[in-house]
Amino acid sequence: DWTMGAYREEAIAKIREQVGKERVICGLSGGVDSSVAAVLIHEAIGEQLTCVFVDHGLLRMGEAEEVVRLFRDHYNIPLVHVQAQELFLGELEGVSDPEIKRKTIGRLFIDVFDEEAKKIGGAAFLAQGTLYPDVIESVSFTGGPSVTIKSHHNVGGLPERMNMQLVEPLRELFKDEVRVLGKELGLPEAFVGRHPFPGPGLAIRCPGTITAEKLEALRKADAIYLDEIRKAGLYDTIWQAFAVILPVKTVGVMGDGRTYDHVCALRAVTSVDGMTADFYPFDMAFLGRVATRIINEVKGINRVTYDITSKPPGTIEWE
Ligand code: XMP
200 DWTMGAYREE AIAKIREQVG KERVICGLSG GVDSSVAAVL IHEAIGEQLT
250 CVFVDHGLLR MGEAEEVVRL FRDHYNIPLV HVQAQELFLG ELEGVSDPEI
300 KRKTIGRLFI DVFDEEAKKI GGAAFLAQGT LYPDVIESVS FTGGPSVTIK
350 SHHNVGGLPE RMNMQLVEPL RELFKDEVRV LGKELGLPEA FVGRHPFPGP
400 GLAIRCPGTI TAEKLEALRK ADAIYLDEIR KAGLYDTIWQ AFAVILPVKT
450 VGVMGDGRTY DHVCALRAVT SVDGMTADFY PFDMAFLGRV ATRIINEVKG
500 INRVTYDITS KPPGTIEWE
C-alpha cells in the first residue's frame, strides 16, 4: 500500500544512487515543485547540493525576497541568488514569439547554471522540479495529435549542448501529490498551497514584446488581483490566478482627459492537474472591484477584461 512516506524514502534512495558523490545544482524558481525537489534532494545528499535562484527580471512583486527568505531562514540549504535581470531582459528585447521566448529563457538559465557550477568547482547534475504533466504536455497534448503545445522550459526547452545530466525526482508525480510530499517534508502549509508559476515567468504573461513599463504595470495589476482574491477567501479554491498585459492599447476617459493605455486581462481557473481547466465563475461585483482598483492604481492600464476560456480549447497561460 502506497504512501507518500514510502515514496519519499524510495525517491531519496534513487537520488543517492543516481548522483553518487557528485555535486548537484538545483534550479529554484520559487514555486512549489522546485522547492519540494530541493528539500528532497537535500535530505538525500546534503552538502552535495547547491540551490541557485535566478532572478530573471520576470518575477512577480516581492517574489525574490520571499523565496530567498524561506530558503535562508527555514532551511540550512546553501542558496545562490543570481541577479540576471539585465541578461534576460536584454536577450528578450524585441522578441514576441512565445516559443522563442521560452527557448531563449531556457538557454540563459542553462548558461547561468553552468557558470554557477564552475564557481563551485563543477557539478555533474542539474536538478529540476519537473512533474508528470510537464513531461506529457511538452511531448503531446492528451488525446490529441502528437504536436508540441508549449516547450515548457524545464522539459523541452533545454538546449542540447547542456553539460549536466538531469535529476528530476518528481517526474512521476502530479501537483496534488507534490503538495502532499511537500507537507511530508515539512514545508510551510501556505508555501505548499501556492499557485503554480511558470519558469519563464511574466515573459509569457506579456504577449508581444516585453518592456520594463509593461512588466511594471503587470506586476502591480497582478498584486492587486491576488490581494483581492485572498481577501475574498478564494485563493485556495482557485488553481491559478494571474493578470496578463496585452499589447493592445485602447481609448478611455479619466477625469476630463482622454487616456490611451494597455488592456489587462484577468485569468483564474480551477483544475486538478493543470491538464484541463475551467474558468472560475467570480461574481460580477468582485470583478468590478478588482477592475476599479487596477485602473485607479496602475499607470498604463485603462481597461480590464476577464478571460472566460476553459482548457481545452484554451491553455491556462496566454502563451
Ligand atoms: P498551459 O498554459 O500549458 O499551462 O495550460 C499548464 C500549467 O503549466 C504552466 N506552464 C509552464 N510552466 N514552464 C513552466 O515551468 C513553462 O514554459 C510553462 N508554460 C505553462 C502553467 O502556468 C500552468 O500551471
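Read left to right, the sequence shown gives residues 200 to 518 (the UniProt record's numbering).
C-beta atoms are modelled at their ideal positions from N, C-alpha and C, and glycine is treated no differently.
From a predicted model like this one, the values you see are computed outputs, not experimental measurements.
Same chain, Cβ closer than 8 Å to residue i, five either side skipped, listed in chain order
{"i": "R492", "result": "I423, E427"}
{"i": "L307", "result": "H255, A283, L286, F287, E290"}
{"i": "I507", "result": "F478"}
{"i": "I276", "result": "A237, V238, H241, L248, C250, F270"}
{"i": "I403", "result": "P297, K300, R301, P397, E516, W517, E518"}
{"i": "T504", "result": "V462, C463, A464, L465"}
{"i": "E265", "result": "G229"}
Spatial distance of residue i from residue j (CA atoms)
{"i": "R378", "j": "S233", "result": "12 Å"}
{"i": "K382", "j": "R488", "result": "34 Å"}
{"i": "T449", "j": "G256", "result": "27 Å"}
{"i": "A323", "j": "V223", "result": "6 Å"}
{"i": "W438", "j": "T408", "result": "27 Å"}
{"i": "R502", "j": "I494", "result": "7 Å"}
{"i": "Y331", "j": "K510", "result": "18 Å"}
{"i": "P344", "j": "G473", "result": "Model confidence at P344 stands at a pLDDT of 43, short of 50, so the residue's coordinates are unreliable and nothing is read from them."}
{"i": "P387", "j": "L269", "result": "9 Å"}
{"i": "D296", "j": "A464", "result": "19 Å"}
{"i": "K318", "j": "G432", "result": "45 Å"}
{"i": "F373", "j": "I335", "result": "11 Å"}
{"i": "N362", "j": "S470", "result": "36 Å"}
{"i": "V497", "j": "A490", "result": "10 Å"}
Three-state secondary structure assigned by DSSP to residue i
{"i": "T514", "result": "coil"}
{"i": "N362", "result": "coil"}
{"i": "T249", "result": "strand"}
{"i": "T491", "result": "helix"}
{"i": "G229", "result": "coil"}
{"i": "R502", "result": "strand"}
{"i": "residue 519", "result": "In this structure the chain extends from 200 to 518, so residue 519 is not present and cannot be described."}
{"i": "V497", "result": "coil"}
{"i": "I224", "result": "strand"}
{"i": "G219", "result": "coil"}
{"i": "K213", "result": "helix"}
{"i": "I348", "result": "coil"}
{"i": "P332", "result": "helix"}
{"i": "I244", "result": "helix"}
{"i": "L369", "result": "coil"}
{"i": "S509", "result": "coil"}
Neighbourhood of residue i by C-beta distance below 6 Å, restricted to the same chain and skipping five residues each side
{"i": "F340", "result": "Note that F340 scores a pLDDT of 42, beneath 50, so its modelled location is shaky and nothing firm can be said."}
{"i": "T458", "result": "G451, N501"}
{"i": "A440", "result": "I428, A467"}
{"i": "M260", "result": "R418, A422"}
The ligand XMP heavy atom lying under 7 Å from the CB of residue i
{"i": "I244", "result": "no"}
{"i": "P406", "result": "no"}
{"i": "G432", "result": "no"}
{"i": "G473", "result": "yes"}
{"i": "G398", "result": "yes"}
{"i": "I403", "result": "yes"}
{"i": "I423", "result": "no"}
{"i": "K317", "result": "no"}
{"i": "P395", "result": "yes"}
{"i": "E221", "result": "no"}
{"i": "E336", "result": "yes"}
{"i": "T514", "result": "yes"}
Residue i: CB within 7 Å of a non-hydrogen atom of the ligand HEM
{"i": "Q439", "result": "As presented, the structure is devoid of the ligand HEM, carrying the ligand XMP as its sole ligands."}
Contacts around residue i, its chain only, beta-carbon distance under 7 Å, and the 5 residues preceding and following it disregarded
{"i": "D435", "result": "G392"}
{"i": "G321", "result": "R222"}
{"i": "G499", "result": "E412, A416, D460, H461"}
Ignoring anything shorter than 4 residues, give me the alpha helix (DSSP H) runs that lie fully in the segment 253-323, in order along the chain. You should have 262-268, 284-290, 297-318.
Please list the segments of the alpha helix (DSSP H) lying wholly inside the segment 403-484, counting only runs of 4 or more residues, in order along the chain. Correct list: 411-430.
Return the chain-ordered ranges of every alpha helix (DSSP H) run that is complete within the segment 371-408 and spans a minimum of 4 residues. Under the rule that a run must span 4 or more residues, the alpha helix (DSSP H) segments found entirely inside the segment 371-408 read 374-383, 388-391.
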